[in-house]
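Worksheet: the structure to be examined is printed underneath.
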Amino acid sequence: MAPRFPEPTRLLQPHNALLGDRSACADHWSEHGCLLLRDVLDAELVAAARRELTERLGQQGAVISGAAEPVWSGSGVSAIDAFSLYEGDPLFVALAHSAALRAVLEAVHGESIHVYQSVQIRFALPGDELHTIPMHQDARYIEPDSQFCAFWIPLVDIAPGEGGLAVVPRSHRSGLLPHVVSTEYYSYYMGEERPQRCIPLDQIEGEWVGADFKAGDLLLFDSFVVHSALPNRSRLVRLSIDGRYQRAARPLLNWQARYSVRTGTERRQAVLDLLGGRADEDADRREAVIAAVLAGDLPVDAATVDRLVTEYAVPRR
Ligand SMILES: O=C(O)CCC(=O)C(=O)O
């Protein structure tokens, strides 16, 4: 049987030595499209964010209550109320919007950076391959502006072979690859169960690399870099956060740049309600309509949604 997920053949080593050398950073970024940094974030904030999420997941029964680490309780993913993990001002959002993170991003890219308001928390359960996020490029999902980058921060240590994220360095140079809907992979995003699009493994050229991740590592990658989550083979719920950023000088065209996940999700739900049965007819059109309403700050009403449904009746890759 063909493997469902990549098997990294090499481990990324931290690229901290590049920091402080502007042209080395620029050359590395343009060649590889990704880099890994260690010990550049506030370790206490990383630990506090992990504790807070562990406590919230403990209250929901997904991890063993009172444990220092997010030890999985054995419950299914549907036991997790993702929305409530974003309640209040969670520390993982503070970490993503910390001055330390922005300073590193600006050191890497040599210019002023806007970190997107939307910050995601991911909780990969041991053995739950169905909900493991497969091979994709972020540029396929965040629109209309593909000129952004991503950061990914594990909140727990993830040894090689236990999960984490794998990337294909240099893959940003090949542009957008076709993504196909597959019922082998589902996303469980904000409580919504959806079949995932992915790039079939055999369509991806280049070397898959993983890392021996430590909590608080910072993995950066271009929006066109192919990457994939790897199945969690540890006993912990794999907690990580990710967000997007772009040059501050560019207009903020993607809704994620301006709205938090909660606000975006509420507005998304309002558009879904207006779409009704049409939401299931064509996933591409549904997502394009949602992105257009949110990115353009258009009124969330039936007339706008009806107009966009007609406008976006065009197939995409
Ligand atoms: O953390 C994960 O499971 C997947 C993250 C991811 O694919 C992304 O940030 O684009």
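If you count by this note's numbering, then the sequence shown holds residues 1442 to 1758, one letter each, in order.
Quick reminder that beta carbons are idealized off the backbone N, C-alpha and C, glycines included.
Extract the residue ranges of the alpha helix (DSSP H) inside the stretch 1699 to 1754, only unbroken runs of 4 or more that lie entirely within it. 1702 to 1716, 1724 to 1736, 1743 to 1752
Please confirm if the stretch 1577 to 1593 is in contact with the stretch 1657 to 1665, defined as three or more CB-CB distances below 8 Å between the two stretches. yes
Would you kindly work out how many angstroms separate the C-alpha atoms of glutamate 1528 and arginine 1492, rounded to a whole number? 15 Å
Looking at the secondary structure, which residues open and close the alpha helix (DSSP H) in which threonine 1624 lies? It is not in any alpha helix (DSSP H) - threonine 1624 instead sits in the beta strand (DSSP E) that spans 1621 to 1630.
Alpha carbon to alpha carbon, what distance is there between glutamine 1697 and phenylalanine 1589? 11 Å
Report yes if the CB atom of leucine 1486 is closer than 8 Å to the CB atom of leucine 1536, and no otherwise. yes
For cysteine 1639: DSSP bridge partner residues: Val1621
If valine 1622 sits next to alanine 1724, beta carbons under 8 Å apart, how far is it from one beta carbon to the other, in whole angstroms? 7 Å
Can you check DSSP and say which residues form a bridge with histidine 1668? His1577, Val1608
Is leucine 1642 near ligand 1, with its Cβ less than 7 Å from a heavy atom? no
Just to confirm the assignment, what range does the beta strand (DSSP E) spanning glutamine 1500 have? Note, glutamine 1500: premise wrong, no beta strand (DSSP E); alpha helix (DSSP H) at 1484 to 1500.
Any heavy atom of ligand 1 inside 7 Å of the beta-carbon of alanine 1520? no
Pairs of beta-carbons, one from the stretch 1598 to 1617 and one from the stretch 1639 to 1657, closer than 8 Å: are there three or more? yes
Roughly how many whole angstroms lie between the Cα atoms of leucine 1459 and valine 1481? 13 Å
Ignoring anything shorter than 4 residues, give me the alpha helix (DSSP H) runs that lie fully in the stretch 1451 to 1485, in order along the chain. 1463 to 1473
Glutamine 1687 by DSSP, collapsed to three states: which one? strand
Where arginine 1408 and aspartate 1721 are concerned, what is the direct C-alpha to C-alpha distance, given to the nearest angstrom? Outside the displayed range of the chain (1442 to 1758) lies residue 1408, so it cannot be described from this structure.
With H, G and I counted as helix, E and B as strand and the rest as coil, what does DSSP make of arginine 1758? Its pLDDT being 45, under 50, arginine 1758 is placed unreliably by the model, and the measurement read from it follows with that caveat. It is coil, neither helix nor strand.
Tell me the DSSP bridge mates of serine 1822? The structure shown does not extend to residue 1822, since the chain is modelled only from 1442 through 1758, so no value can be given for it.
Figure out for me which residue from Asp1747, Val1534, Glu1448 has the closest Cα to the Cα of arginine 1685. Val1534
Range covered by the alpha helix (DSSP H) that runs through phenylalanine 1533: 1532 to 1537
Can you give me the C-alpha to C-alpha distance between alanine 1656 and proline 1449, rounded to a whole angstrom? 20 Å
From Phe1654, Ser1539, Gly1605, Gln1501, residue whose alpha carbon lies closest to that of phenylalanine 1446: Gly1605
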